[in-house]
Amino acid sequence: MANICTTKLYEARKGDELQVSSVPNIVLLESLGIHAGTRLTVKTRYPLGGPVLIHVENTYSVAIGKDIAKQIEVFSEIKGSDKSELQNIVEVDEL
Amino acid sequence: MSISHEINPRDRILLIGNPNVGKSVFFTELTGIHAISSNYVGTTVSYMEGHLPVGGKEYTLIDVPGTYSLTPTSDAESIAVHFLKSGAKAIICVLDASNLERNLYLALELQKYDIPTVYTLNLLDVAERRGTIINDRLLAQDLGAPVIPTIAVKKQGIDELIQELNIVLNEESKVTSDGSAANNISINANTATKCKQSCGKCSQCPSKRLESQADIWSMAREIRQRVSKQETSSPSFIDRLGDAMVKPMPGIPIALLSMAMLIGVVVFGGRGLRAGLLPLVNEIIVPFFRWLFALFIPEGIFLNILIGEFGVFVISFEWILALIFPYVLCFYIAFSFLEDSGYLPRVSVLFDNVMRKLGIQGGSLIYTVMGFGCAVPAIIGTRAATSRKERLIVTAAICFAIPCISQTGALIALFSAYDWWMMPAMVLFGLVLFISVSLIAGKLTKGKVEPLIIEVPNLLMPEPKAYGRKLLTRMKHFLKDAEVPMLAAVVLAALLAETGALNAIARFAEPLVSRWLGMPAEAVTALILGIVRREMSVAPLIALDLTALQAFVGGAVALMYIPCISVFAILTKEFKLKIAAIITVSTIIAALFIGGLINQIGQLFLQLT
Numbered sequence: 001m002a003n004i005c006t007t008k009l010y011e012a013r014k015g016d017e018l019q020v021s022s023v024p025n026i027v028l029l030e031s032l033g034i035h036a037g038t039r040l041t042v043k044t045r046y047p048l049g050g051p052v053l054i055h056v057e058n059t060y061s062v063a064i065g066k067d068i069a070k071q072i073e074v075f076s077e078i079k080g081s082d083k084s085e086l087q088n089i090v091e092v093d094e095l
Numbered sequence: 096m097s098i099s100h101e102i103n104p105r106d107r108i109l110l111i112g113n114p115n116v117g118k119s120v121f122f123t124e125l126t127g128i129h130a131i132s133s134n135y136v137g138t139t140v141s142y143m144e145g146h147l148p149v150g151g152k153e154y155t156l157i158d159v160p161g162t163y164s165l166t167p168t169s170d171a172e173s174i175a176v177h178f179l180k181s182g183a184k185a186i187i188c189v190l191d192a193s194n195l196e197r198n199l200y201l202a203l204e205l206q207k208y209d210i211p212t213v214y215t216l217n218l219l220d221v222a223e224r225r226g227t228i229i230n231d232r233l234l235a236q237d238l239g240a241p242v243i244p245t246i247a248v249k250k251q252g253i254d255e256l257i258q259e260l261n262i263v264l265n266e267e268s269k270v271t272s273d274g275s276a277a278n279n280i281s282i283n284a285n286t287a288t289k290c291k292q293s294c295g296k297c298s299q300c301p302s303k304r305l306e307s308q309a310d311i312w313s314m315a316r317e318i319r320q321r322v323s324k325q326e327t328s329s330p331s332f333i334d335r336l337g338d339a340m341v342k343p344m345p346g347i348p349i350a351l352l353s354m355a356m357l358i359g360v361v362v363f364g365g366r367g368l369r370a371g372l373l374p375l376v377n378e379i380i381v382p383f384f385r386w387l388f389a390l391f392i393p394e395g396i397f398l399n400i401l402i403g404e405f406g407v408f409v410i411s412f413e414w415i416l417a418l419i420f421p422y423v424l425c426f427y428i429a430f431s432f433l434e435d436s437g438y439l440p441r442v443s444v445l446f447d448n449v450m451r452k453l454g455i456q457g458g459s460l461i462y463t464v465m466g467f468g469c470a471v472p473a474i475i476g477t478r479a480a481t482s483r484k485e486r487l488i489v490t491a492a493i494c495f496a497i498p499c500i501s502q503t504g505a506l507i508a509l510f511s512a513y514d515w516w517m518m519p520a521m522v523l524f525g526l527v528l529f530i531s532v533s534l535i536a537g538k539l540t541k542g543k544v545e546p547l548i549i550e551v552p553n554l555l556m557p558e559p560k561a562y563g564r565k566l567l568t569r570m571k572h573f574l575k576d577a578e579v580p581m582l583a584a585v586v587l588a589a590l591l592a593e594t595g596a597l598n599a600i601a602r603f604a605e606p607l608v609s610r611w612l613g614m615p616a617e618a619v620t621a622l623i624l625g626i627v628r629r630e631m632s633v634a635p636l637i638a639l640d641l642t643a644l645q646a647f648v649g650g651a652v653a654l655m656y657i658p659c660i661s662v663f664a665i666l667t668k669e670f671k672l673k674i675a676a677i678i679t680v681s682t683i684i685a686a687l688f689i690g691g692l693i694n695q696i697g698q699l700f701l702q703l704t
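Each protein sequence line maps, in turn, to chains A and B. For what it's worth, my numbering labels the leading residue of the first sequence as 1, then goes sequentially. For what it's worth, my numbering labels the leading residue of the second sequence as 96, then goes sequentially.
Pasting the structure below:
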C-alpha cells in the first residue's frame, strides 16, 4: 500500500512528511543525523533560492541551502489518497 | 593555528559536546573563568583552558569547540579530534537531553578513544518542556559510564558532576597502578554498570561493535528508544515564537524590527549615557587632574602633554569613557541578548537567499553582526565556516564595510551635529560597500563556498545571571583590550600636537588631505591615529568644525580605512601576512580613492546648486 516515489528535497512542499532515500556525501549532513532513512518534516520554504527548513526526527530543526537540498533524494509514504498531488512540485509558496 | 601543548595529557580533562549544548556554561562553573557562551554554533572556535581542582589534585579543563561528530567539517571542529588523539585523563561529555539521539552519536564515537568519561545530561528543563522524559540510570547502563542530570545555567548538578569526576579519576589511577584494566571499572558508586566503560577490550564494549556510521546511528536510536519516553506536549509560547521567527512571514518583519531596535538601543541609549558621562568627565574628572598636575608640574610642554587641550588625561577620559564606552555598553546589552536567545541563526536562515546572491551563505551573517561589535572575534568566529573562500570573503567585507562599535559610536557623535540624513546615508554607503567587496572578493578568491547547513537552535529566554556575567566579561575585555592601544594613540596625538610634528606632516599631506579629500589640514591626525584604533580615525574630526560634506567624506574614509592594529594582528595569524597586507593596503587605497571621489562629486554638486 505504500506508494514510493522519490523526489528532491528542494522540490518538497511545506508540511510534507518525508523520508530520506539518499544524501550527497557531506560530513556535516551525516553528523547532523541526516542520512538515508531519516524521517523529516518540511517546516518552511523560502523564496528566491532560499534554504529548506526541516524538522529532523521530530526533534531538531536544520536549514539546508538550495544547492544541497537539490541533491537530497526523499520519498513520502502516501497512505490512501489524502495527498492527491504528488507531482514534481516546483514552485515555492509564500512571498 | 598552532595547538602547542605544554600541558601534560595526563592532567588534561576535555569538555566535549555538540555545539550549543552548554559546554561553555560548564566551563565557567567548573573553572571560574568566563568563557563567552551563546546560543549558536561556534562560540568556542579556538579553545579555552582553565584549572579544575578535583579531589585535591589540579587538572586542566579544556573547553573543546562544539562538534557534531569526530569527522571534522571546519577548522574549529578539527581541534576536538586533535585533543582526543593526543590523549587526556578524562572526558566530560555534555549531552543535550532535548536532542538525545543526535548527541548520542558523538557520545558513542567518543568511546573509541578509550578515555574515561562522565556524561552530563544537560538542558533537562528544555527536554521536560517538550515532554521528553529520560531515565538517566538506564542511559548510564547503556553508555557504561556515569550520567549526571544537569541544568547548567541554573547550576543544577554541577557538584554531583565534580563528585563523579573524582570517582572516575580515582578509578583510572587505580586501574593504571594495578595494570588490570577491565575488572576494576565495573564497580561504580552511582551506577551499577557492566563493563562497557570504553575498555575496548571485551565483547560488550559498544565501541567494539560499531564499525560504520550507520551502525552508530542505529545504536544511538536504540538507546534513545530504550531510555526516553515522549509525552505529547503542546508547544510552549516560546517554541511557537521561535518557529514564527524563522518563517518569512512574520520572520522578515521581525528581523527588520529587531535590527531597528538594535540600532535604536545603540544610538539613543548611547546618546543618553553619553549625556550623563560627558559632564562627569568635563566638570569633575578633568578639572581634578588639572588641579592635581598643576600642583607638581611647571607649565610647559610636559604639562600640556598630560593635561593640555590634547593632553593624555583629557583625551583618554573624553574619548574612552564619554565617547566610546556608552556605545560599546549599549551594543553588547542588545547583542548579547540576541546571541543568547538563539535568534541569530534564524536571521541567517531568513536571509540565506540574499547572501547566496553575494556568493556567501546565510551563516556568515552571524559573523557580520559580530563584526559590528569588534572585528577580532568576528574573524576568529569565521573559523567555524566550512570553506576558506567563505572565510576570506566575509573577513574582507568586515574589514572594509563593517565599522566596529567603537567607530560607530564616534561616527554617531560626529554626525549628530549635522542633518539627520547623514547617518542613514552612511549606512547606505556601507551596504553598497559590503555588497561590492563581497562580490569582488568572491571573484578574487579561488575555491567554492559550501551552501548553508545550519541547525536552528531552540529559542531561549537568556538566563539573567549568565547574561549579566557575559556582559560584564565583555565590558572588562573592552576596557582592558582598548586601554593600551587607546592610550598609545592618545599619547601619540598629544606628542604630535604639542611638538609641532603635526604641522609638518599636515603640510606634507596637504595635497592629499586638503585638495583631494577636501578636508582641513589638521584632519591628517585622524589618518595617523586611525592606524592604531578605528574610532581614532573619526574622533579627531569631531572638534574640527567640518562642513556636512567634509564630515561625510571623513566618515566614509574612516569606515574603509585600515583595520586597526589588533585586526591586522589577527589577520596575520589567521591568514598569513600576505593576505593581511593585501587587505590592509587595499583598504587604504580604497578609502583615499573613494573618499576623494565623494568629495569631488560633492563639490561639483554644490557648485551646481
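Where is the CB? At the ideal position from N, CA and C, for every residue including glycine.
query	result
By Cβ distance below 6 Å, which residues in the same chain neighbour residue 228 of chain B in space, the five residues on each side in sequence not counted?	324
Could you work out which residue in B:340, B:420, B:480, B:568 is closest to residue 127 of chain B when comparing CA atoms only?	B:568
Relative to chain A, which residues along the stretch 533-549 of chain B have a C-beta separation below 9 Å, given in chain order?	545, 546, 547, 548, 549
In the DSSP output, which residue or residues are listed as bridge partners for residue 546 of chain B?	Its beta-bridge partners do not exist; DSSP assigns none.
Nearest chain A C-beta to residue 277 of chain B closer than 8 Å, yes or no?	Because residue 277 of chain B carries a pLDDT of 41, less than 50, the predicted location of this residue cannot be relied on, and the following value inherits that uncertainty. So no, residue 277 of chain B is outside the interface.
If distances are taken between C-alpha atoms only, which option among A:34, A:13, A:38, A:55 comes closest to residue 551 of chain B?	A:55
Rounding to the nearest angstrom, what Cα-Cα distance links residue 409 of chain B and residue 416 of chain B in this structure?	11 Å
Applying the criterion that 16 or more other CB atoms from any shown protein chain within 10 Å of the CB defines a buried residue, is residue 336 of chain B buried or exposed?	exposed
What's the gap between the Cα of residue 160 of chain B and the Cα of residue 172 of chain B?	6 Å
Please report the straight-line C-alpha distance between residue 622 of chain B and residue 614 of chain B, rounded to a whole angstrom.	11 Å
Under 8 Å: do the stretch 395-413 of chain B and the stretch 471-486 of chain B share three or more Cβ pairs, one atom per stretch?	no
Can you grab the Cα-Cα spacing for the pair residue 620 of chain B / residue 599 of chain B, in whole Å?	12 Å
Determine, using beta carbons only, whether residue 15 of chain A comes closer than 8 Å to chain B.	no
Give, in chain order, every residue of the stretch 243-255 of chain B whose Cβ lies closer than 9 Å to some Cβ of chain A.	none
Would the stretch 434-441 of chain B and the stretch 505-512 of chain B be scored as touching if the rule is three or more Cβ pairs under 8 Å?	no
Which residues in the same chain as residue 283 of chain B place their Cβ atom closer than 6 Å to its Cβ, once the five residues preceding and following it in sequence are excluded?	Confidence in residue 283 of chain B is poor, its pLDDT being 40 and thus under 50, which makes the residue's placement unreliable; the coordinate value appears in the next sentence. Excluding residues within five positions, none has a Cβ falling inside 6 Å.
With 8 Å set as the bound, which would you pick, yes or no: does the beta-carbon of residue 20 of chain A sit closer than that to a beta-carbon of chain B?	no
CA-CA distance, residue 151 of chain B and residue 263 of chain B?	14 Å
Taking its Cβ as the centre, do 16 or more other Cβ atoms sit within 10 Å of residue 272 of chain B, making it buried, or is it exposed?	Residue placement at residue 272 of chain B is poorly supported in this model, since its pLDDT is 49, which falls under 50; the coordinates are not used for a value here.
Return the first residue and the last residue of the beta strand (DSSP E) that residue 75 of chain A is part of.	73-75
With distance defined between alpha-carbon atoms, name the residue in B:145, B:698, B:321, B:168 nearest to residue 114 of chain B.	B:168
Within 8 Å (strictly less), CB to CB, does residue 64 of chain A reach chain B?	yes
Closer than 8 Å by C-beta to residue 26 of chain A: which residues in its own chain qualify, once you throw out the five before and the five after it? Chain order, please.	68
Going by DSSP, what residues sit across from residue 19 of chain A in a beta bridge?	A:39, A:75
Less than 8 Å between the CB atoms is what I'm expecting for residue 200 of chain B and residue 315 of chain B, so what's the real figure, rounded?	5 Å
List the residues of chain A whose Cβ lies closer than 9 Å to the Cβ of residue 197 of chain B, in chain order.	31, 32, 33, 56, 57, 59, 60
Can you say whether residue 602 of chain B is buried or exposed, counting buried as having 16 or more other CB atoms within 10 angstroms of its CB?	exposed
Starting from residue 444 of chain B, find everything on chain A with Cβ-Cβ shorter than 7 Å and list it in chain order.	51, 53, 63
Can you list the residues of chain A that residue 164 of chain B reaches, using a CB-CB cut of under 9 Å?	27, 28, 30, 31, 32
Under 8 Å, do residue 443 of chain B and residue 358 of chain B count as touching if we go by C-beta distance?	no
What ranges does the alpha helix (DSSP H) occupy inside the stretch 360-408 of chain B, keeping only unbroken runs of at least 4 residues that lie completely in it?	365-374, 381-391, 396-402
Quick one: is residue 308 of chain B near chain A, going by C-beta distance under 8 Å?	yes
Is residue 58 of chain A buried or exposed, if buried means 16 or more other CB atoms sit within 10 Å of its CB?	exposed
By Cβ distance below 6 Å, which residues in the same chain neighbour residue 693 of chain B in space, the five residues on each side in sequence not counted?	648, 651
Here's the rule I'm using: 16 or more other beta-carbon atoms within 10 Å means buried, otherwise exposed. How should residue 378 of chain B be labelled?	exposed
Extract the residue ranges of the alpha helix (DSSP H) inside the stretch 211-280 of chain B, only unbroken runs of 4 or more that lie entirely within it.	219-224, 231-238, 253-273, 276-280
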